[in-house]
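Student:
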Amino acid sequence: MEYSEHDLDDLVRASERGMRELLDAMEGLKDTSGTGESRSGMISAAVGHDGRIRKLKIEARAMRLDSAELAEQVVEAVTAAQDDLDRATRALLPPGENADPADIMRQFEDLQDGFARESDARVDRLQRMRTRDHDGRFDR
Numbered sequence: 001m002e003y004s005e006h007d008l009d010d011l012v013r014a015s016e017r018g019m020r021e022l023l024d025a026m027e028g029l030k031d032t033s034g035t036g037e038s039r040s041g042m043i044s045a046a047v048g049h050d051g052r053i054r055k056l057k058i059e060a061r062a063m064r065l066d067s068a069e070l071a072e073q074v075v076e077a078v079t080a081a082q083d084d085l086d087r088a089t090r091a092l093l094p095p096g097e098n099a100d101p102a103d104i105m106r107q108f109e110d111l112q113d114g115f116a117r118e119s120d121a122r123v124d125r126l127q128r129m130r131t132r133d134h135d136g137r138f139d140r
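Under full-length UniProt numbering, think of the first position of the sequence shown as 1, with each following residue one higher.
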């Protein structure tokens, strides 16, 4: 099989484009967060891209609630924040995709692994092309 300089340029551009797309998608996911509040509005929560609570605000008047009601409203606020995160995460997906945030992270990691394998194969291919060029077997 013969390779041209054009083939090499296409290969490099495809690698760069794939890496940019992967990094953009991963950054978008890392920047995702969610916010929510209890039905009374006295408690609000914020969660990070991993679903962990980053902020919890309890207004002073909520302290008048009994412990069971206070706990219920905290759960409502956190759940609302996690639901908001889920919506924000799904907005990053192509239309028609449907997965929970943990599945999406696993998919991105799988994509990253696959991209790394493809990049390694491209580098090997480039090295073979260079070797052929140096050995005089590469036609320009």
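Each residue gets a CB set at the ideal place from its N, CA and C atoms; glycine is no exception. Being a predicted model, the structure only gives us computed values, none of them experimental.
Please state whether the Cβ-Cβ distance between Thr-35 and Asp-86 is less than 8 Å.
Tutor: Contact flag unset, no.
Student: Excluding sequence positions up to five away, which residues of its chain have a Cβ less than 7 Å from the Cβ of Ser-15?
Tutor: Same-chain partners within the cutoff: Ser-119 and Arg-122.
Student: Tell me, which residues are paired with Lys-57 by DSSP?
Tutor: DSSP lists Ser-44 as partners of Lys-57.
Student: Leaving out the 5 sequence neighbours to the left and right, which residues in its chain are closer than 6 Å to Glu-59 when beta-carbon positions are compared?
Tutor: Cβ within range, chain order: Met-42.
Student: According to DSSP, is Gly-51 part of a helix, a strand, or is it coil?
Tutor: Looking at Gly-51 - three-state DSSP - the assignment turns out to be coil, as it is neither helix nor strand.
Student: How would you write the range of the alpha helix (DSSP H) that Thr-89 sits in, first residue to last?
Tutor: Taken as a continuous stretch (DSSP letters only), the alpha helix (DSSP H) holding Thr-89 covers 67-91.
Student: Report the option in Arg-132, Phe-115, Ser-44 and Val-12 whose CA atom is closest to the CA atom of Ala-77.
Tutor: With distances taken between Cα atoms, Ala-77 lies closest to Ser-44.
Student: Which one or two residues does DSSP pair with Glu-37 in a beta bridge?
Tutor: The partner list for Glu-37 (beta bridge, DSSP) reads Ser-44.
Student: Leaving out five residues on either side along the sequence, give the residues of the same chain with a beta carbon under 7 Å from the beta carbon of Ile-53.
Tutor: Excluding sequence neighbours, Ile-53 sits near Ala-45, Val-47 and Val-78.
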